[in-house]
Amino acid sequence: MHFLRNGKVATKLWLILIPTFIMTIFFLFQISFQSKKINNLTRKTYYDEVYVNTRLILNAERSFYQAMLAERTLALSGSRLDEEGRKALLREYNFKKGKVLEEIDKALANLRNNPMLVDFKFSGPKYTLYELNDIFRSGFKEWEEAYDPETGIGDLKAKEEAFDYAIDYLNYMTDILEEFSVHCTNAIEKSVSVTIIQSTIFILVLFLVMLSFAVIIINYLRNNILKLTDDMNALAMNNLAFEPHIIDSKDELGDLSRSISILIYSLRGIVAKLSHYADSLANASSIMIRNSNDVSASMNEISKNMEDVASGAAQQAEDSRQLVEEIAILGDAVNKGRLSSNELSQASLQIKAASEEGLKSVNHLEEITLKNENSFQSIFNSINTTHANAGKIVNASSLISAIVQRTKLLALNAAIEAARAGESGRGFAVVADEIRQLSEQSEKSIKIIQAVIEELKSSINSIMEQSNILKGAVSAQTASVNDTKDKYIAIVRTLNKINMEIANLDSVIKNIESSRFTVMSIGSRVSSISQEYAASTQQTSATTVEVSNTMSSINNIGRKLDSFVLELKELIDKFELPPEPAELE
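No gaps in the numbering here: position 213 of the sequence shown is 213 in this note's numbering, and each next residue is one more.
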């Protein structure tokens with residue numbers, strides 16, 4: 001099991017061919033054994049057939065001799081035999097004479113079912129069995145007609161010559177049957193040998209063809225699996241610069257290579273987009289930090305100006321009785337306040353424009369982040385689908401394993417039935433044992449396939465873990481962008497309030513400017529106006545402090561965003577991307 005778990009895939013596939021080789025050797029041995037057995041049975045059958053028919057012809061020959069003896073006894077005894085003896089000899093003669101043709105007809109009737117005997121010719125006289133039979137019958141007829149033992153009419157010498165002639169061809173019929181049995185036996189042995197040789201050649205050629213196909217398939221699987229493994233190892237090393245190996249086939253390896261290629265190209269696009277978006281985000285963060293510093297400096301200046309204005313207003317309230325003498329100083333202070341108000345208004349407008357521009361950048365960044373999140377979700381869905389398909393393959397291999405177990409059970413039942421059958425079920429027991437061995441080999445192969453699938457599922461789970469980490473980073477990026485957007489919206493709202501206060505301040509300064517020329521006539525109201533002005537400047541100063549604090553918060557957020565961008569760029573820089581093609585001038 002250690003070897004099956006840690007051995008190479010090519011070695012495991014070669015192990016599958018070992019049962020086929022053993023089965024081929026067994027079939028060759030079985031064919032040779034069965035052919036020899038059939039040869040022996042056929043030889044015995046031919047010998048039995050020849051023996052039966054030869055015995056019939058020999059019986060006919062014996063009856064022929066007995067008829068000849070009865071005839072000679074009648075011819076030579078003459079009057080020495082009584083009538084009863086003559087009748088007995090005549091009956092014996094007629095019976096044996098009829099028995100000759102009867103036995104020969106039985107033998108020929110048995111041999112008519114053998115078509116090979118029709119054209120087989122004797123090595124002596126070149127006649128077939130049926131031609132020898134015709135010649136014998138012709139001689140037998142001459143023998144019958146040469147002398148009549150009942151009447152005594154005829155030539156005994158001619159009858160003896162006809163007997164010798166007929167008996168010779170009857171012996172030829174016996175000899176041709178013996179020659180035919182030897183000929184058929186040799187032909188069967190030759191046919192069996194040719195059959196064994198042809199079967200051996202056919203099985204060897206078939207085995208070589210299967211071996212060639214196995215070599216081609218094993219090399220195909222081994223080479224493509226090695227190339228796909230190299231691609232996955234390069235991907236595990238964060239290398240996206242190589243060209244993935246694509247298998248141009250419609251099998252599972254082709255689907256896997258295309259899925260890996262799609263994953264690599266998708267990761268290239270995602271990493272490139274993330275790098276571009278990180279650069280854009282870094283620029284936006286730098287701009288936001290710089291603008292927030294500018295706004296903070298402006299707010300500090302405004303705060304100082306408001307303190308000066310508040311101090312002047314307090315002094316004016318205290319020195320209301322010296323209003324006329326200090327009117328010139330008041331005019332200068334009003335002018336300074338107006339200039340400061342204008343500067344504050346312009347700075348506020350610039351801050352607002354910069355904030356709106358930053359808000360647009362953040363909105364654009366939010367759209368890009370959502371697209372990235374959707375792209376990553378598509379990748380996660382593809383990985384989940386691949387994981388599910390691997391589970392289906394495991395289910396299929398489990399089903400095949402169940403079928404193999406069922407086959408082993410059937411083989412065991414067959415072996416039990418063969419054992420019950422005894423000697424007649426020995427061949428069936430051998431086949432059942434082979435089925436059992438093949439089932440065990442199939443079960444080992446299923447375990448090998450399941451081990452390979454488990455390795456594939458482990459790789460997919462590793463990819464899913466890395467994908468979940470990346471998904472968390474994208475989610476954190478999305479949350480940070482949303483937080484930045486909320487801060488920008490708060491800045492815009494605060495700036496709107498500042499603009500409203502600046503407008504109020506400008507209105508107050510205009511009132512002071514218009515009242516400066518009539519201050520002598522409304523001296524009694526100078527004190528109250530100064531107090532109102534001091535309160536307004538205090539409120540403006542408080543608002544300025546609030547804006548300054550807000551700018552500090554924005555500055556801190558910008559620094560955090562910049563730190564996050566640096567971490568994101570470090571993560572992206574770990575991936576090796578292919579060089580971009582040079583642009584044509």
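Glycine is no exception: its CB is placed at the ideal position from the N, C-alpha and C atoms.
When DSSP states are grouped into helix, strand and coil, Gly154 belongs to the strand group. Within a 10 Å sphere around the beta-carbon of Thr174 sit 16 or more other beta-carbons, which makes this residue buried. Proximity to Ile403 across Leu577, Val430, Ser63, Ile435 peaks at Ile435, based on C-alpha coordinates.
Taking one beta carbon from each stretch, the segment 111–131 and the segment 57–74 have fewer than 3 pairs nearer than 8 angstroms; the two do not touch. Restricting attention to Glu546, Val192, Lys569, the CA atom closest to the CA of Ser32 is found in Val192. Take Val100, set aside five residues on each side of it, and the residues of its chain with a beta-carbon closer than 6 angstroms to its own are Ala60, Ser63, Phe64, in chain order.
As DSSP reads the structure, Asn94 sits in no beta bridge. Glu103 places its beta carbon 8 angstroms or farther from that of Ile176. Judged by their CB atoms, Val362 and Lys273 are not nearer to each other than the 8 angstroms cut-off.
The shortest C-alpha to C-alpha distance from Ser261 to any of Asn389, Ser552, Ile246 is the one to Ile246. In terms of Cα proximity to Glu513, the closest of Tyr165, Lys336, Gly422 is Lys336. Note that the segment 160–173 touches the segment 132–151; at least 3 beta-carbon pairs, one per stretch, sit closer than 8 angstroms.
Where Ala146 is concerned, the enclosing alpha helix (DSSP H) starts and stops at 129–146. In the DSSP secondary-structure assignment, Asn239 is bridged to Glu576. With respect to the 8 angstroms criterion, Gly124 and Tyr165 are not classified as neighbours on the basis of their beta carbons.
Judged by DSSP in its simplified three-state form, Lys250 adopts coil rather than helix or strand. Sorting Leu81, Ser311, Ile351, Gln322 by C-alpha distance to the C-alpha of Ala333 places Ser311 at the top. Looking from the CA of Ser292, the closest CA among Ser475, Val492, Thr24, Tyr51 belongs to Val492.
A distance below 7 angstroms between beta-carbons, with the five flanking residues on each side excluded, links Ile217 to no residue of its chain.
When the Cα atoms are used, Ser398 and Asn384 turn out to be separated by approximately 21 angstroms. Taking a contact to require three or more Cβ pairs closer than 8 angstroms, the segment 208–222 and the segment 236–243 do not qualify as touching. A straight line joining the alpha-carbon of Ser181 with that of Thr200 spans about 28 angstroms. Taking 8 angstroms as the cut-off, the Cβ atoms of Leu256 and Leu228 count as close.
In the structure shown, Lys126 adopts coil according to DSSP, grouped into three states.
Taking C-beta atoms as the reference points, Ala278 and Val565 count as a pair closer than 8 angstroms. Taking C-alpha positions only, Glu343 is separated from Thr544 by approximately 14 angstroms.
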